[in-house]
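S.K.:
Protein chains: 2
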Amino acid sequence: MSYKNEILLDVFKKKATERPPIWVMRQAGRILPGYRQVRASVSGFKELVTSPDLIAEVTVEPLEILGVDAAILFSDILVIPECMGLDYEIIPKKGPAFEKVISSPGDIDDLISGREAVDRLGYVFESITKTKARINGSNPLIGFSGAPWTLFAYMIEGGGSKTFSKARRFLYEHPEASHRLLDMISETIIVYLQEKIKYGVDLVQLFDSWAEMLPVEQYLEFSLPYVNKILAAITGVPKIFFPKGAWSIIPHMKDTPMDAISIDWKTPPSYVRQHLGDDIIIQGNMDPCYLYASQPRIMAKALQTMDEMGQRHIFNLGHGVYPDTDYTHVQTLINTVKTHRY
Amino acid sequence: MSYKNEILLDVFKKKATERPPIWVMRQAGRILPGYRQVRASVSGFKELVTSPDLIAEVTVEPLEILGVDAAILFSDILVIPECMGLDYEIIPKKGPAFEKVISSPGDIDDLISGREAVDRLGYVFESITKTKARINGSNPLIGFSGAPWTLFAYMIEGGGSKTFSKARRFLYEHPEASHRLLDMISETIIVYLQEKIKYGVDLVQLFDSWAEMLPVEQYLEFSLPYVNKILAAITGVPKIFFPKGAWSIIPHMKDTPMDAISIDWKTPPSYVRQHLGDDIIIQGNMDPCYLYASQPRIMAKALQTMDEMGQRHIFNLGHGVYPDTDYTHVQTLINTVKTHRY
């Protein structure tokens, strides 16, 4: 499959590009007027995330308005816990809330996993077909999933948390049950991502959003082996891994089968290259708060970031764009990157 | 001043000790029965934090029940914003909430700072006198303050936040006003800590709890210079600095005038020694979640931590003890450390 704008894929083919490709985490979301209109027209977030036509619409909007180099299929990482048997809601301004949670090892017996679970996600795969038709060969499409530890954390906590101490407590108190659940989640993610690729997704990104909560030894026991297993099972498309905040684990990722690592705004790229070598492709890492600054300052920061990153760089923020960001500021960022030449 | 148990001070005097000293962040708090009784007897957190007799009572309780090597004066980092003019409340299970906040540079004009502000904190100094009388020469007393960036963040946000994006936005939008406010906070902290020392505090700890929110360049502009200024102005007692989560700044702390650095559970001590040298005293860093595990596992983890840390170590957790921790598990930890020999 070839696209009019393939600069993102070219980076993974090790072709020399004249500038870094750019897309923005949460680009399809509340910063855009079309998204807000669609969101206001439905009963809630869950209706949007399960409606293939609406998903296609909000997924392509950033290509048209922001001019990013790739689309990312609108979805939520919590579709995995849901298809495994834990229903959730998104409470406006608060975040996810689960109806029931895993509070003891016995609760895991009620879950389903793998193909059986993924079969419940037909709407996601249908939305890929619809989105690809709307994109019509202009740009590649990214698909994503949460990483096992991050999904595990939500399944235990039942929502967000400052410390994720319930989930971490479960790891210390029930190590075997934890491994059993992480295995089931991983198996489900593998089927899910393979299916997404079959339907036409061109790249995948795995988000370990709560990587930063775990001490090194726990991350090495309860997260990284599952990430490695998933990334090894996914073939045929480039794979980006985002272990948010897990700087102390980066030296342990030499054998992680990823094609790019996405880093937050607190992680210097020099640190990553020191530990993972010069060949690794780095995605990131402008502070999303910088988009609140004046446009000249945003331009200066974008140039500084590109200087610091050098080649083998995918421009992105260090985290999802904040919902109250003025989207013309995002346009300024994207124009700055797109007119830059190495 | 000499104490029956001086092991914590001995570490700073570079004396050889037979084991690491131990105290626990938030040791005077909800894990203890006496604290809960006192807390239930008052109208709210604010009454407790302003009552010298009650402060003395909850401060000495961990010496008696847990057997820690030092007491830490019960207080809150938000007494500084309050004495500068921003009143707050602590909402049970939610955390701090301010009545008014700094939302524009003009709001800073309404604040007071330095001696004038600290003069409102007579109850803190009175509580030191009462606590010292209760301790009666058995153990040293630690006093603490929040660091300027962390207090600034609360003053802008008006409470806790997952991203502290309002506070970070203020830094990008109003850099001069930010420096003005950080200067006023620093000046107030200096007077506050000097006064605490005058009243008999034997060590101080500066908490930069939200250090981890800032990218390197912002931390170097808006936090570290103020920390350095405060620590340089404080003389005569050992100084511990806790830049929570700010691992990427540690290489920039070579000239920070601290006697010990406190680290969270995600920061390996080897990383600190690599950047700050073998002489630095390291405080920390057991994951507070580990105290939920079984007692044999807590003992094993404590031994492993002491092995990893070696000498020049003050045993502590990597963050405050979680309020629902069983205090007999904390006793197990403390007994393990106190019976260990290098």
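Taken in order, these protein sequences are the chains called R and D. The opening position of the first sequence corresponds to residue 18 in our numbering, with each subsequent residue numbered one higher. The opening position of the second sequence corresponds to residue 18 in our numbering, with each subsequent residue numbered one higher. Cβ coordinates follow ideal geometry from the N, Cα and C atoms, glycine included. This structure is a prediction, so every number in the text was calculated from the model and none was measured.
Would you mind reading off the limits of the alpha helix (DSSP H) that contains Lys246 of chain D?
M.R.: 241-250 is the span of the alpha helix (DSSP H), which, as asked, contains Lys246 of chain D.
S.K.: Relative to the C-alpha of Val96 of chain D, which residue among D:Asn156, D:Ser68, D:Ala250 is closest?
M.R.: Taking only the C-alpha atoms, the option nearest Val96 of chain D is D:Ser68.
S.K.: Restricting to runs no shorter than 3 residues, where is the beta strand (DSSP E) found entirely within the stretch 55-79 of chain D?
M.R.: List check, beta strand (DSSP E) in window: nothing returned.
S.K.: Can you pull the chain D residues whose beta carbon is under 9 Å from the beta carbon of Ala229 of chain R, in chain order?
M.R.: Looking at the sequence shown, residue 229 of chain R is not Ala but Glu. Residues of chain D passing the Cβ test: Glu229, Gly262, Lys283.
S.K.: Just list the beta strand (DSSP E) runs in the stretch 268-345 of chain D, keeping only unbroken ones of 3 residues or longer that don't cross its boundaries, in chain order.
M.R.: Those beta strand (DSSP E) runs which fall completely within the stretch 268-345 of chain D and span 3+ residues are 277-279, 298-303, 330-334.
S.K.: List the residues of chain D that Arg186 of chain R touches, going by C-beta distances under 7 Å, in chain order.
M.R.: Residues of chain D passing the Cβ test: Cys306, Tyr309.
S.K.: Judging by CA-CA distance, which residue of D:Ala317, D:Leu308, D:Met316, D:His330 is the nearest neighbour of Gln44 of chain D?
M.R.: The shortest C-alpha separation from Gln44 of chain D is found at D:Leu308.
S.K.: Is Ser182 of chain R close to chain D? Criterion is C-beta to C-beta, closer than 8 Å.
M.R.: At least one chain D Cβ lies under 8 Å of Ser182 of chain R.
S.K.: Secondary structure at Lys21 of chain D, three-state DSSP: helix, strand or coil?
M.R.: Coil, per DSSP.
S.K.: Could you spell out the range, first to last residue, of the alpha helix (DSSP H) harbouring Gly139 of chain D?
M.R.: Looking at the DSSP string, the run of the alpha helix (DSSP H) that includes Gly139 of chain D is 139-152.
S.K.: Does the CB of Pro113 of chain D have a neighbour CB from chain R at under 8 Å?
M.R.: No, Pro113 of chain D does not count as interfacial toward chain R.
S.K.: From R:Thr180, R:Ala164, R:Val218, R:Trp227, pick the residue whose C-alpha is nearest to that of Met201 of chain R; which is it?
M.R.: Comparing Cα positions, the closest option is R:Ala164.
S.K.: Count Cβ pairs between the stretch 256-264 of chain D and the stretch 278-292 of chain D that sit closer than 8 Å; are there 3 or more?
M.R.: The stretch 256-264 of chain D, when compared against the stretch 278-292 of chain D, does touch it at the 8 Å Cβ threshold.
S.K.: Note down, in chain order, all residues in the stretch 233-255 of chain D with a beta-carbon under 7 Å from any beta-carbon belonging to chain R.
M.R.: From the stretch 233-255 of chain D, only Val233 have a Cβ closer than 7 Å to chain R.
S.K.: Taking the alpha helix (DSSP H) that Phe187 of chain D falls in, what are its first and last residues?
M.R.: Counting along the chain, the alpha helix (DSSP H) containing Phe187 of chain D begins and ends at 182-190.
S.K.: By the criterion of Cβ-Cβ separation under 8 Å, what are the contact partners of Tyr339 of chain D in chain R?
M.R.: What Tyr339 of chain D touches in chain R: Thr180, Ser182.
S.K.: Can you tell which of D:Phe181, D:Glu81, D:Leu241, D:Met270 has the C-alpha that lies nearest to the C-alpha of Met230 of chain D?
M.R.: Of D:Phe181, D:Glu81, D:Leu241, D:Met270, the residue nearest in Cα terms is D:Phe181.
S.K.: So, does the CB of Tyr344 of chain R fall closer than 8 Å to a CB anywhere in chain D?
M.R.: Chain D contact via Cβ: absent.
S.K.: Figure out for me which residue from R:Arg314, R:Lys283, R:Gln328, R:Arg185 has the closest Cα to the Cα of Ile299 of chain R.
M.R.: Taking only the C-alpha atoms, the option nearest Ile299 of chain R is R:Gln328.
S.K.: Under 8 Å, Cβ to Cβ, is there at least one residue of chain R near Ser226 of chain D?
M.R.: False, the Cβ-Cβ gap to chain R never drops below 8 Å.
S.K.: Are the beta-carbon atoms of Ala263 of chain R and Ala228 of chain R separated by less than 8 Å?
M.R.: Closer than 8 Å, so yes.
S.K.: Name, please, each residue of chain D whose Cβ falls closer than 8 Å to the Cβ of Glu174 of chain R.
M.R.: Going along chain D, no residue has its Cβ under 8 Å from Glu174 of chain R, so there is no contact; the nearest lies around 13 Å.
S.K.: Span of the alpha helix (DSSP H) holding Leu168 of chain D?
M.R.: From DSSP, the alpha helix (DSSP H) with Leu168 of chain D extends over 165-174.
S.K.: If distances are taken between C-alpha atoms only, which option among R:Ile72, R:Ile119, R:Ile206 comes closest to Val141 of chain R?
M.R.: The candidate whose alpha carbon is nearest that of Val141 of chain R is R:Ile72.
S.K.: Using a beta-carbon distance cut-off of less than 7 Å, what residues from the stretch 185-205 of chain D approach chain R?
M.R.: Within the stretch 185-205 of chain D, the qualifying residues are Arg185, Arg186, Tyr189, Glu190.
S.K.: Can you say whether Gly61 of chain R is buried or exposed, counting buried as having 16 or more other CB atoms within 10 angstroms of its CB?
M.R.: Exposed: under 16 other Cβ atoms inside 10 Å.
S.K.: When the cut-off is 8 Å and only beta carbons count, does Ser265 of chain D lie next to chain R?
M.R.: For Ser265 of chain D, the answer is yes, since a Cβ of chain R falls inside 8 Å of its Cβ.
S.K.: Which of helix, strand or coil does DSSP assign to Gln44 of chain D?
M.R.: Residue state, collapsed to three classes: coil.
S.K.: Quick check on the burial criterion: 16 or more other C-beta atoms within 10 angstroms. Buried or exposed for Asp70 of chain D?
M.R.: Result: exposed.
S.K.: Tell me whether the beta-carbon of Ser283 of chain R lies closer than 8 Å to the beta-carbon of Pro232 of chain D.
M.R.: The sequence shown places Lys at residue 283 of chain R, rather than the Ser named in the question. Yes, these two residues count as a Cβ contact at 8 Å.
S.K.: Spatial neighbours of Met42 of chain D within its chain, please: CB distance less than 7 Å, with the 5 preceding and 5 following residues excluded, ordered by chain position.
M.R.: Result list for Met42 of chain D: Asn333, Leu334, His336, Gly337, Val338, in chain order.
S.K.: Near Ala184 of chain R, what residues of its chain come up, given a Cβ to Cβ distance below 7 Å and the 5 sequence neighbours on each side ignored?
M.R.: Cβ neighbours of Ala184 of chain R beyond the five flanking positions: Phe169, Ala170, Ile173, Glu174.
S.K.: Count the other CB atoms within 10 Å of the CB of Gly301 of chain R; is the residue buried (16 or more) or exposed (fewer)?
M.R.: Per the 10 Å Cβ criterion, buried.
S.K.: Helix, strand or coil for Tyr52 of chain R, going by three-state DSSP, please let me know.
M.R.: Helix, per DSSP.
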